[in-house]
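For reference, the structure is listed below as structure tokens.
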Amino acid sequence: MSAILVTGGTGFIGSSLAIALHQKGHDVRILRREHSDLRAIGSTSVNHCIGDVRDRESLRKAISGCSVVFHTAAVISHWRRERELMFETNITGTRNVVEACEELGIQKLVYTSSVSAIGFRSDGKLADETTEYNWDPYDIGYRISKFRAEQEVWNGIKRGLPAVILNPSTVIGPRDMHFHGGQIIRDVFRKRIFYYTDGGMNIVYIDDVISGHLAALDRGRIGERYILAGENLTYQQVFTTTAEIVGGIRPFIRLPIPVARLIAAAAEAVSTLTGRRPWVSRELVAGMEVRNWFSSEKARRELGYNITPFREAIAKTFDWYRGKGFL
9 MSAILVTGGT GFIGSSLAIA LHQKGHDVRI LRREHSDLRA IGSTSVNHCI
59 GDVRDRESLR KAISGCSVVF HTAAVISHWR RERELMFETN ITGTRNVVEA
109 CEELGIQKLV YTSSVSAIGF RSDGKLADET TEYNWDPYDI GYRISKFRAE
159 QEVWNGIKRG LPAVILNPST VIGPRDMHFH GGQIIRDVFR KRIFYYTDGG
209 MNIVYIDDVI SGHLAALDRG RIGERYILAG ENLTYQQVFT TTAEIVGGIR
259 PFIRLPIPVA RLIAAAAEAV STLTGRRPWV SRELVAGMEV RNWFSSEKAR
309 RELGYNITPF REAIAKTFDW YRGKGFL
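Numbering (our numbering), first residue to last: 9 to 335.
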């Protein structure tokens with residue numbers, strides 16, 4: 009049986025995917041940096057390839073002998089000081105993965121993109137796989153990086169690369185060691201959030217995202233993208249439901265977007281003086297007024313994709329954090 013490589017195999021999505029593939033009997037390799045945090049992957053019996061998507065030679069060695077590559081490695085940051093690293097990893101790293109897969113004749117590349125690479129609708133309808141990227145005026149580094157990285161995969165597809173693109177929304181669930189989507193739960197639990205802003209977001213449970221990846225391996229059509237999303241909610245709904253489950257404060261103050269931007273600018277000013285990551289940034293609040301909502305109908309129709317209710321996803325994630333002593 010040919011091996012399957014998962015880049016970013018110690019990250020949130022990558023480790024969850026590698027474990028799921030291993031449980032299904034696949035020969036799994038993960039690509040990770042030498043000093044990666046191994047808590048998420050734990051003692052799962054997968055082969056560890058030491059390297060970096062920015063290092064072409066280590067990447068080629070990891071891919072050699074594999075029939076399938078899942079490319080999940082990425083840097084998530086809304087701090088401008090980390091933009092260069094994020095661009096190198098997300099854009100250049102993806103270009104390296106694409107070129108290595110072409111060179112070594114991979115049978116299928118499944119690329120974990122993001123809904124950040126998809127545009128938003130202002131007409132009240134849900135964005136889908138055909139919604140063109142329109143975030144340029146907001147200058148959000150992470151969105152730019154995921155959009156440009158996805159273009160690298162599309163360029164490969166045009167050259168004949170057998171690739172499928174997956175676009176998860178904000179992901180929560182076990183193994184989110186660094187509190188990306190899980191930051192919502194931690195902040196509400198610690199009673200830091202008692203306000204809400206206009207706009208909304210889509211949050212998806214990790215098990216749904218992994219099921220979508222596994223289905224894409226077998227049923228994902230080459231040259232297609234699939235949104236893997238959860239429920240569409242206003243920020244007020246997100247914080248209210250989370251507070252009800254974890255014991256936080258139900259939001260009772262509507263924070264105007266201009267005020268949120270001023271707070272973010274102040275936080276960045278303090279960060280400049282201290283050298284520490286700001287707790288909120290201008291890039292994080294940019295576009296917050298948008299109802300960033302999506303349809304997963306295509307994934308449901310073609311991949312058999314199902315959505316875990318938001319309330320259940322929050323409860324499961326909270327129980328995992330609490331059980332691990334992370335809160």
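Note that beta-carbon positions come from the ideal geometry of N, C-alpha and C, so glycine has one too. Nothing here was measured: the structure is a model prediction, and the numbers come from that model.
Limits of the alpha helix (DSSP H) - the one that residue i falls within
i	result
I235	Run containing I235: none in the alpha helix (DSSP H); it sits in the beta strand (DSSP E), R233 to L236.
Y329	F318 to K332
S192	The sequence as given places Ile at residue 192; Ser does not occur at that position. Residues Q191 to F197.
L292	R290 to V293
I21	F20 to Q31
N55	Counting along the chain, N55 falls outside any alpha helix (DSSP H), though it belongs to the beta strand (DSSP E) covering N55 to I58.
S153	G149 to K166
G101	G101 to L112
Element boundaries [beta strand (DSSP E), containing residue i]
i	result
T178	T178 to I180
A272	Careful: A272 lies outside any beta strand (DSSP E), inside the alpha helix (DSSP H) at I265 to T282.
Y119	K116 to T120
I38	V36 to R40
Exposure of residue i, with buried meaning 16 or more beta-carbon neighbours within 10 Å
i	result
K154	buried
D131	exposed
F318	buried
T282	exposed
A353	There is simply no residue 353 to check, as the chain begins at 9 and stops at 335 in what is shown.
L270	exposed
N240	buried
S51	exposed
E221	Inspection of the sequence shows that residue 221 is occupied by His rather than by Glu. Under this definition H221 is a buried residue.
V267	exposed
N210	buried
R167	exposed
I230	exposed
A274	exposed
Of the residues the options, the one placed nearest residue i, counting alpha carbons only
i	options	result
R198	Y313, G255, G333 and R319	G255
I99	A135, Q191, N55 and R156	R156
E107	R269, S279, V77 and F326	V77
T178	A321, D327 and R330	A321
D216	S289, K324, G295 and S85	K324
I114	A272, E252 and L225	L225
D136	D184, A125 and P145	A125
P264	T248, R258, T280 and Y243	Y243
L117	D63, S75, I49 and E92	S75
E310	T316, I235 and R284	I235
H43	K32, H56 and G33	H56
F260	G295, F202 and S303	F202
Y119	R258, T139, G22 and I180	G22
G331	R167, Y141 and M185	M185
A26	T97, S279, F247 and I214	I214
E92	T139, I152 and H30	I152
8 Å Cβ cutoff met for residue i and residue j
i	j	result
G228	V212	no
V83	M94	yes
A81	G19	yes
I218	A28	yes
G73	S10	yes
R37	V54	yes
S121	L46	no
V298	F128	yes
L335	R200	no
H86	T15	no
E291	R88	yes
G17	R41	no
A251	V196	yes
G208	W143	no
R103	E160	yes
A171	G312	no
L13	E110	no
W328	P176	no
I315	S303	no
Y141	G295	no
I257	F326	no
I180	G164	no
DSSP bridge partner residues for residue i (one or two, in chain order)
i	result
N240	N210
A11	C74
Y204	R262
F95	For F95, which the question treats as bridged, DSSP gives no partner whatsoever.
F128	In DSSP, F128 forms no bridge with anything.
H79	T15 and Y119
V172	V118
R308	Paired residues: none, contrary to the question.
A135	F302
Short CB-CB distance (under 8 Å) between residue i and chain C
i	result
R229	The chain labelled as chain C is not found in the depicted structure, where only one protein chain is given.
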